[in-house]
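Since the structure comes first, as structure tokens, the remarks are kept for the end.
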Amino acid sequence: MSNLIEIRWHGRGGQGAKTASLLLADAAFNTGKYIQGFPEYGPERMGAPITAYNRISDEPITIHSNIYEPDFVVVVDDTLLESVDVTAGLKNTGAIVINTTKSADYLKSVLKGYSGEIYTIDARKISMETLGKYFPNTPMLAAIVKVSGIMSDEDFVKDMEGSFKHKFAKKPEVIDGNMKAIELALQEVKKI
Amino acid sequence: MSIRERLSGNEASATAMKQINPDVVAAFPITPSTEIPQYFSTFVSNGTVDTEFVAVESEHSAMSACIGAEAAGSRAMTATSANGLSLMWEMIYIASSLRLPIVMSLVNRAVSGPLNIHNDHSDAMGVRDAGWIMMFSENNQEAYDNLLMAHRIAEHKDVMLPLMVCQDGFITSHSIENIMLEEDSEVKKFVGTYKPEHYLLNRNEPIAVGPLDVQPYLFEHKAQQADAMRASKQVILDVAKDFEAWTGRKYGLFEEYKLDDAELAIVCVNSTAGTTKFVVDKLREQGVKAGLLKLRVYRPFPGEEISKALAHVKAVAVLDKSDSLNSAGGAIFTDITSSFQVHKVNVPTINYIYGIGGRDTKADDIESVYKDLEYVAKTGDLGIPYRYLGLRR
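Sequences listed follow chains A and B, in order.
Numbering of the first sequence is given in my numbering, commencing with residue 3 and proceeding in unit increments.
Numbering of the second sequence is given in my numbering, commencing with residue 472 and proceeding in unit increments.
Okay, structure coming up:
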């Protein structure tokens, strides 16, 4: 399974990291991939650190364990950087994507010399601008799609439009904001 | 035409129940199987199914309601986990001894205590001698497929036994994965309608169900249960053959994964079998002759068939996700080693208790078992055969 991509999400309960991992699984499924999307269930509560996972492959996936050597890590909340070892096992050939406005120097210092690529995005700003509320998961989803290259931006945008139309059938007013958040995130995720 | 979908194990199980559209579902919510009755009650509210959904006040009542419904002549299903199954305990035996083909989805979780909501197989292993047919599922697909086959097996006139379909709590119940679903109309055709031979609501044949069974009778009735359990083996295979002709997906009593020419074999059930396949593939690339026997049908226990399938290997490790706390070994281990003795198979066999209370089982853990097996195969030295995998101490 050389084409297997493994992704680990770090967030806090209530920020939608689990939902984002399921949406990513959905989007990859819709491009014909084999997928897994699963959270690590612990003592769930708002604000507690949570972990979620994705496996994406062109071939059936049989492994059923958590992910210890991910290709990519997504950090939805930068206050986790000092308390959770977010780069644990992260491959040097991979990348980490962080929702943050902190400086490159700070990030490098808390990532303990991680030598792979580091990407940042201000998901709070994007979310506030497009949705008027803080829902970091949509921009972070777009950011990891961009960084991992698991599908083209176009396929992703088209797929998300379809999902949002279905998901928000009763709240069509939020579809435009979410689509705008995705477009901005695809542009604004930057390597440091 | 099969339909390509992505569902969690619980969604897959609820979908199977929707397509089966049983007469009665009685259930009480318990993690991690809660979603099954939750989704199913939505189907009832939406009118997608015409099932009588009984929202009982406990699992004891859930099983009691299923027993009443089946005795009356209808098809009944339920879902539960861990302590829910514990609370059903009394009625579990009543269901099988009354020969009521109830089908249960058991989402495996550690039985308290101390309290733990995560996966192991202590719930299933606690009822292994209760007279239920027990099937295990590696993933959402198998949880779905096993449920689609369940009624045909349980309701067969040679069988008439309740049946439980197990899957790993959270690991597969809450993981979204690819799955192939079948069309509603095709499922309906395959499952068929339940036509019980004897039932309480048959006005032309007044019967009593569950009266006092005294010394001259109980022994014979138990022997009949045992006969039915033996007979179910062939029925399970026959139904699997029909299922394969329909869907193309092949099932047996167990799955042999690269076992033909294997020298080192692991035996396990449920999701760990998938992780083991991943490791077998990796080791095969390195020239290690690793193989897997994934047990699908645990009751009836296919001891003779397993003995035959493993007779040629040099060493076997049986993984038990439940500790019998008996100083002898886990349930599957003791079943397999006693089968080996009866069928005159002499393969060094060791046991690992693993994954208790949701302890994650990594590919590295499985690889370490094959490493241990290499040593056992080479030296014949079993060391301590009753071991732990992934235990901190």
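Quick reminder that beta carbons are idealized off the backbone N, C-alpha and C, glycines included.
- Query: Residue range of the alpha helix (DSSP H) that Leu556/B falls in?
  - Reply: Residue range 553-568 is occupied by the alpha helix (DSSP H) that includes Leu556/B.
- Task: Return the residues of the segment 26-38 of chain A that lie within a Cβ-Cβ distance of less than 8 Å from chain B, sorted by chain order.
- Result: Ala27, Asp28, Phe31, Tyr36, Ile37, Gln38
- Query: What does Asn68/A touch in chain B if you count any residue whose Cβ is under 8 Å from its own?
  - Reply: Under the 8 Å cutoff, chain B gives Asp831, Lys833.
- Task: Go ahead and label Ala536/B buried or exposed: buried means 16 or more other beta carbons lie within 10 angstroms of its beta carbon, across all protein chains shown.
- Result: buried
- In three-state DSSP terms, what is Gly171/A? Residue 171/A is actually Ala in this sequence, not Gly. It is coil, neither helix nor strand.
- Item | Segments of 4+ residues assigned as alpha helix (DSSP H) that fall wholly inside the segment 96-123 of chain A | 106-112
- Could you give the DSSP three-state label for Thr643/B: helix, strand or coil? coil
- Message: Taking 8 Å as the threshold (beta carbon to beta carbon), is Arg477/B in contact with chain A?
- Response: yes
- Message: Determine, for Phe158/A, whether the minimum Cβ-Cβ distance to residues of chain B falls below 8 Å.
- Response: Answer no: the Cβ-Cβ gap between Phe158/A and chain B never drops below 8 Å.
- Message: Taking the alpha-carbon of Glu776/B as reference, which of Thr832/B, Ser793/B, Leu708/B has the nearest alpha-carbon?
- Response: The candidate whose alpha carbon is nearest that of Glu776/B is Leu708/B.
- Task: Please decide whether Asn587/B counts as near chain A, where near means a Cβ-Cβ distance under 8 Å.
- Result: no
- Query: If we cut at 8 Å on Cβ distances, does Gly828/B have a partner in chain A?
  - Reply: Not an interface residue.
- Message: Once the 5 residues before and after Leu764/B are set aside, which same chain residues still bring their CB inside 7 Å of it?
- Response: Phe725, Glu727, Leu730, Ala736, Val738, Ile777, Ala780, Leu781
- Message: Taking CB distances under 8 Å as the criterion, tell me whether Ile65/A reaches chain B.
- Response: yes
- Task: Determine the closest residue to Glu185/A out of Pro174/A, Ala171/A, Ala125/A, Gly118/A, with distance taken between C-alpha atoms.
- Result: If we check each option's Cα against that of Glu185/A, Ala125/A comes out closest.
- Message: Just to confirm, is the Cβ distance from Phe772/B to Ala834/B under 8 Å?
- Response: no
- Message: Assuming the contact rule is C-beta atoms closer than 8 Å, Glu71/A and Lys93/A should be a hit. Round their C-beta distance to whole Å, please.
- Response: 6 Å
- Message: I'd like to know whether the C-beta of Ser646/B is nearer than 8 Å to at least one C-beta of chain A.
- Response: yes
- Task: For the segment 770-783 of chain B, enumerate the residues whose C-beta is nearer than 7 Å to any C-beta of chain A, in chain order.
- Result: none
- Determine which residues of the segment 632-645 of chain B have a Cβ less than 9 Å from any Cβ of chain A, and write them out in chain order. Of all residues in the segment 632-645 of chain B, Asp639, Phe641, Ile642, Thr643, His645 have a Cβ within less than 9 Å of some Cβ in chain A.
- Query: By how many angstroms is the C-alpha of Ser150/A removed from the C-alpha of Asn492/B?
  - Reply: 42 Å
- Counted within 10 angstroms of its Cβ, other Cβ atoms place Leu860/B as buried (16 or more) or exposed: buried
- Query: With a cut-off of 8 Å, does the C-beta of Tyr136/A fall near any C-beta of chain B?
  - Reply: With 8 Å as the cut-off, Tyr136/A does not count as an interface residue toward chain B.
- Inter-stretch contact (C-beta, 8 Å, three-pair minimum) for the segment 7-18 of chain A and the segment 51-68 of chain A: Contact check between the segment 7-18 of chain A and the segment 51-68 of chain A: three or more CB pairs, one atom from each, fall below 8 Å, which counts as touching.
- Message: Going residue by residue through the segment 750-821 of chain B, where are the continuous alpha helix (DSSP H) segments of at least 4 residues, counting only ones entirely within it?
- Response: 774-781, 802-813
- Message: Looking only at its chain, what residues have a beta carbon closer than 6 Å to the beta carbon of Tyr116/A, apart from the 5 residues adjacent to it on each side?
- Response: Thr89
- Please compile the residues from chain A whose C-beta is within a distance smaller than 7 Å of the C-beta of Ser742/B. Going along chain A in sequence order, the residues near Ser742/B (Cβ under 7 Å) are His66.
- Task: Using the DSSP secondary-structure output, state which residues sit across from Trp11/A in a beta bridge.
- Result: BP columns for Trp11/A point to Ala54/A, Val76/A.
- Message: My assumption, with CB atoms under 8 Å, is that Asp594/B sits in contact with Leu556/B. Please give the rounded CB distance.
- Response: 5 Å
- Query: Does any residue of chain B bring its CB to less than 8 Å from the CB of Phe166/A?
  - Reply: no
- Task: Mind listing the chain A neighbours of Phe511/B? Cutoff is C-beta to C-beta under 7 Å, in chain order.
- Result: In chain order: nothing, as chain A lies at least about 21 Å away.
- Check whether Val789/B and Phe804/B have beta carbons under 8 Å apart: yes
- At which residues does the alpha helix (DSSP H) containing Gln17/A begin and terminate? No alpha helix (DSSP H) contains Gln17/A, which DSSP labels as neither H nor E.
- Beta-carbon separation of Ala145/A and Val86/A under 8 Å? no
- Message: So for Ile194/A, helix, strand or coil by DSSP?
- Response: Coil at Ile194/A, not helix or strand.
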